[in-house]
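Notes to accompany the following structure.
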Amino acid sequence: MDPTEETSKKNNIEHLIADRREGIGVCGWILVSISFLLVFITFPISIWACIKVVREYERAVVFRLGRILSKKAKGPGLILILPCTDTFIKVDLRTVTCNIPPQEILTKDAVTTQVDGVVYYRIHSAVCAVANVNNVHSVTFLLAQTTLRNVLGTQTLAQLLAGREEIAHSIQAILDSATEQWGIKVARVEIKDIRIPMAMQRVMAAEAEATRESRAKVVAAEGEMNASKVLKQASMVLAESPAGLQLRYLQTLTTVAAENNSTIVFPLPINLLDGLGQKNRGG
Numbered sequence: 009m010d011p012t013e014e015t016s017k018k019n020n021i022e023h024l025i026a027d028r029r030e031g032i033g034v035c036g037w038i039l040v041s042i043s044f045l046l047v048f049i050t051f052p053i054s055i056w057a058c059i060k061v062v063r064e065y066e067r068a069v070v071f072r073l074g075r076i077l078s079k080k081a082k083g084p085g086l087i088l089i090l091p092c093t094d095t096f097i098k099v100d101l102r103t104v105t106c107n108i109p110p111q112e113i114l115t116k117d118a119v120t121t122q123v124d125g126v127v128y129y130r131i132h133s134a135v136c137a138v139a140n141v142n143n144v145h146s147v148t149f150l151l152a153q154t155t156l157r158n159v160l161g162t163q164t165l166a167q168l169l170a171g172r173e174e175i176a177h178s179i180q181a182i183l184d185s186a187t188e189q190w191g192i193k194v195a196r197v198e199i200k201d202i203r204i205p206m207a208m209q210r211v212m213a214a215e216a217e218a219t220r221e222s223r224a225k226v227v228a229a230e231g232e233m234n235a236s237k238v239l240k241q242a243s244m245v246l247a248e249s250p251a252g253l254q255l256r257y258l259q260t261l262t263t264v265a266a267e268n269n270s271t272i273v274f275p276l277p278i279n280l281l282d283g284l285g286q287k288n289r290g291g
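Mind the numbering: the sequence shown is residues 9 to 291 in our numbering, read in order.
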């Protein structure tokens, strides 16, 4: 987000809060004066009702006669409250984990999936969280659900499975811009699990198996072709050197004798086999 736009949004929020806090009127000042007087008369007993403790991770939004007392929330530490005219609401500033239950989503390519996620957010402006929305946690939870469904509905199943991180960043940006006026800062969005129907899982498994088989056949065919080329070159070398063929024959006998000791091999001269072949052709 552009820093100028962010500053203008904060200024607009502060103006809205300031409009609510224009003044308490003459009657209000009279009631406040009476409240101060009662505290002074009943001092030191009344001090226990006036002093409140705000923890380090909390902020207190103080209302005086229904109006917000100051632009900023009070705390942490000790704060002073008038017992008759002031009320306050404590706001927790720690990071909140929002678990999004599994959502039935129809993807762009018409595949039904169940997707669940988690959103991490915190309140950075206690005044906005109290003054601008009724229940900030409930509203953020519902907005996270609808945003998850809307964003994932525009993605295909392949994009959903391969681009979880990009989709999570997109959801975070949408939530952060929408919850800025409520004093919410979305820190992180994660997609926990994607469930696909069993029928679709079987189809995807069959498709993957067929793809692997086709690749294996292509690799085997390429291996046969390379082997045939090497054998052709070897045959050409052996044809040029008859003694090399005899040495190759003896090497094969050595390999057979080493692996199968019980096998008896009777070597025959290659020339004898050639002579028998010529006699058969002559007959």
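Glycine included, C-beta positions come from ideal geometry on N, C-alpha and C.
Subject >> Reference E64, options N143, D100, G36, S43, closest by Cα >> reply: Taking only the C-alpha atoms, the option nearest E64 is D100.
Original post:
Which residues in the same chain as I182 place their Cβ atom closer than 8 Å to its Cβ, once the five residues preceding and following it in sequence are excluded?
Top reply: T155, V159
Subject >> C-beta contact flag for V40 and T93 at 7 Å >> reply: yes
Original post:
Over what stretch of residues does the beta strand (DSSP E) that includes T1 continue unbroken?
Top reply: No answer is possible for residue 1: the residues shown for the chain start at 9 and end at 291.
Original post:
Quick check: the region 67–83 against the region 44–53, are there 3 or more CB pairs under 8 Å?
Top reply: no
Subject >> Helix, strand or coil at V197 [DSSP, three-state] >> reply: strand
Subject >> Status (buried if at least 16 other CB within 10 Å, exposed otherwise) for C136 >> reply: buried
Original post:
Whose C-beta lies closer than 7 Å to the C-beta of A152 among residues of the same chain, with five residues either side of it excluded?
Top reply: C106, I108, V127, L183
**OP:** Return the chain-ordered list of same chain residues with a C-beta closer than 7 Å to the C-beta of R102, the five sequence neighbours on each side being excluded.
**Re:** Y65, R130
Original post:
Taking C-beta to C-beta, are G83 and V62 nearer than 7 Å?
Top reply: yes
Original post:
Taking G125 as the reference, which of L255, S243, K200, A216 has the closest Cα?
Top reply: When each option's Cα is compared against that of G125, the closest is K200.
**OP:** Taking only runs that begin and end inside the region 142–215, name each unbroken beta strand (DSSP E) of 3 or more residues, in chain order.
**Re:** Correct list: 192–203.
**OP:** Specify, as a first and last residue, the run of the beta strand (DSSP E) that F71 falls within.
**Re:** 66–72
**OP:** State the Cα-Cα distance for the pair V147 and G161, rounded to the nearest angstrom.
**Re:** 21 Å
Subject >> Extent of the continuous beta strand (DSSP E) run through F96 >> reply: It spans 94–100 - the beta strand (DSSP E) in which F96 sits, taken as one unbroken run.
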